[in-house]
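What the sequence shown shows, in the numbering used here, is residues 1360 to 1770, in sequence order. We put the beta carbon where it would ideally sit given N, CA and C, even for glycine. Computed from a predicted model, the values in this text were never measured in an experiment. What follows is one structure encoded as structure tokens, with my remarks underneath.
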Amino acid sequence: MKDREQESDTGKKSKGMHFSIITAFPEFFNDFLSTSIIGRAVKAGLVRVDLVDLRPFGRGGYRQIDDYAFGSGGMVLMAEPLSEALQTARAAGGGEERDFVVYPTPQGTLLTQDIVDTLACQEHVILVCGHYEGLDERFTERMVDLEVTIGDCVLTGGEIPAMAIIDAVSRLIPGVVGKSEAVENDSFYRGMLDCPHYTRPASWEGIEAPEVLLSGNTAAVEEWRRRQAVARTVSRRPDLLARSGMKEYVRGVYLAFTAETADDCEVEILRNLEAFGDSYGVARVFLIVPKPDARESFREVLKEGRFGRIRLMPSLKHATDWIAKKEGPPLVTEVCDVVKSGARHWLELKRLFVEKGEPVLFCLSLKNGDEYRWEQKKNGVCCGFSMLPLQEGLSFCGKAAVLCDRFLGSR
Ligand code: ADE
């Protein structure tokens, strides 16, 4: 998220966030803007909300803001009052802020945490609340940047969705919720649902709170919470797994690839692997080189650069033993270059990995078709899982980057 100017308790700078709400019912927002967390954020200047009453921009003595839909149907908010109200909302930004116009409507894209993250990076979010049949489409087409729905249900107007949006965005602004940790542990922050929570009394109506939570064993509590989050996500919202990073939910993620000679693998490839490994949190990258003389040349290469994440090994068996000693036996997974019988879709494997929580070792081939079979035969290591090809025509580094992003990136 873009840094803001004022210092907050999270140590980040914060300038606050500007919202404007165009509504025919500004009184809706009184309690919302003066109560609890949002009320405190407004008072502290972390959130500024301007209410723009649509009514004064209405036409005629009655200040008419809506009219019958052409071709029959209900009432539609007219483009002219909306447009004038929008100019007023923009002017309140001093003409210097870049604005982003949001129209909450059941016809919009579903509001998700990534949309909330995007909105939190805007300077001035202007929310236009619809009523009845909504806004004249010509206004929406010309003026609105994003149409969002808060769920597949129809409300009487856009005011409650506008509050939901402001609430969700505001809590990402440094200083709005007390501890930054609270945001980091949220549902969806890492793409998984939140774990269940309990408080006193430890026993209520004969139902005990989970013992581990009372044990005082922080590591065990953390592990229990992770496992609960995974179980809930897998059973209730498996669709979220595609977008969540699995690093927090498995004991470690490792990559392995083989090279016969130092010429097979340029230093640039090693640098790229070191860099992805670092940014995605890959625990180690194993460079498997069976021939001793080739291994010696690689050792020289690795000595020269900063390759803290790369480990040279004579065989895949050495790599799996190394992992087993540290974190338990890994789920060895071959990333296929061609469709193989028994291979599984990456998303199915990701679900399985987060459920098991064990370390995962992905075996990639440096050149397409250069499979791991020789390695398996030689050392008795069997790739427990085969993954369907990621994408045709990718270079080795391209494959490694796509793999890291699908399994470890959060979207
Ligand atoms: N206006 C009416 N229903 C809505 C919904 N579900 N989401 C956003 N805006 C709305």
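If you look at Val1503, you'll find it isn't in any alpha helix (DSSP H); DSSP assigns it neither H nor E. A distance below 7 Å between beta-carbons, with the five flanking residues on each side excluded, links Leu1671 to the following residues of its chain, in chain order: Leu1646, Val1648, Arg1654, Phe1657, Arg1658, Leu1661. As a beta-bridge residue in DSSP terms, Arg1703 pairs with Met1746. In the structure shown, the three-state DSSP call for His1677 is helix. Contact check for Leu1470 and Ile1524: beta-carbon distance about 7 Å, within the 8 Å limit, so the pair qualifies. In this model, Thr1477 and Lys1538 are separated by some 21 Å (Cα to Cα). Not one heavy atom of the ligand ADE falls within 7 Å of the beta-carbon of Thr1468. If you compare the alpha carbons of Arg1497, Glu1492, Ala1527 with that of Val1513, the shortest gap goes to Glu1492. Under the DSSP assignment, Thr1447 falls outside any beta strand (DSSP E), being part of the alpha helix (DSSP H) whose first and last residues are 1438-1450. Pairing Ala1642 with Asp1764, the inter-Cα distance amounts to about 15 Å. Fully enclosed beta strand (DSSP E) runs of no fewer than 3 residues occupy 1643-1647, 1669-1672 of the segment 1622-1689, in order along the chain. Around the Cβ of Thr1464, a 10 Å sphere holds 16 or more other Cβ atoms; the residue is buried. Per the C-alpha coordinates, the member of Asp1553, Gly1467, Ser1745 positioned closest to Asp1511 is Gly1467.
Collapsing the DSSP output to three states places Ile1424 in coil. Two segments are said to touch when three or more pairs of C-beta atoms, one from each, lie closer than 8 Å; by this definition the segment 1483-1503 does not touch the segment 1392-1406. When Pro1533, Val1507, Asp1426, Pro1689 are compared, the shortest CA-CA separation from Leu1614 is found for Pro1689. Check the Cα spacing between Thr1394 and each of Glu1693, Ser1674, Val1719, Asp1526: the tightest is with Asp1526.
Using a Cβ distance threshold of 8 Å, Ala1450 and Ile1424 do not count as a contacting pair. Distance from the C-beta of Ile1509 to the nearest heavy atom of the ligand ADE is below 7 Å. In the three-state DSSP reduction, Tyr1608 falls in the helix class (H, G or I). Taken from the Cβ of Thr1464, at least one heavy atom of the ligand ADE lies inside 7 Å.
Within its own chain, the residues whose Cβ lies closer than 8 Å to the Cβ of Pro1651, once the five positions on either side in sequence are excluded, are Pro1673, listed in chain order. Contact between the segment 1740-1753 and the segment 1611-1626 is not established, with fewer than three Cβ pairs separated by less than 8 Å. Shown here for Val1593: same chain residues with a beta carbon closer than 8 Å to its own, the five before and five after excluded, namely Leu1600, Arg1710, Val1713, Glu1714 in chain order. In this structure, the alpha-carbon of Arg1584 lies about 17 Å from that of Ala1561. Under DSSP, Leu1494 takes part in a beta bridge, and its partners are Leu1436. DSSP lists no beta-bridge partner residue for Glu1581. Note on geometry: alpha-carbon atoms of Lys1685 and Ala1618 lie some 24 Å from one another. For Phe1384, no alpha helix (DSSP H) segment is defined, and its DSSP state is neither H nor E.
Counting only residues of its own chain and dropping the five nearest sequence neighbours on each side, Gly1604 has a CB closer than 7 Å to the CB of Arg1549, Gly1550, Leu1767, Gly1768, Ser1769. Bridge pairing for Met1376: Val1406 [DSSP]. Within the model, the alpha-carbon separation for Met1746 versus Glu1439 is close to 56 Å.
By the neighbour-count definition (other C-beta atoms within 10 Å, threshold 16), Trp1563 is an exposed residue. When secondary structure is reduced to three states using DSSP, Gly1467 falls in the strand class. Distances from the alpha-carbon of Ala1683 to those of Glu1663, Val1740, Arg1668 put Val1740 closest.
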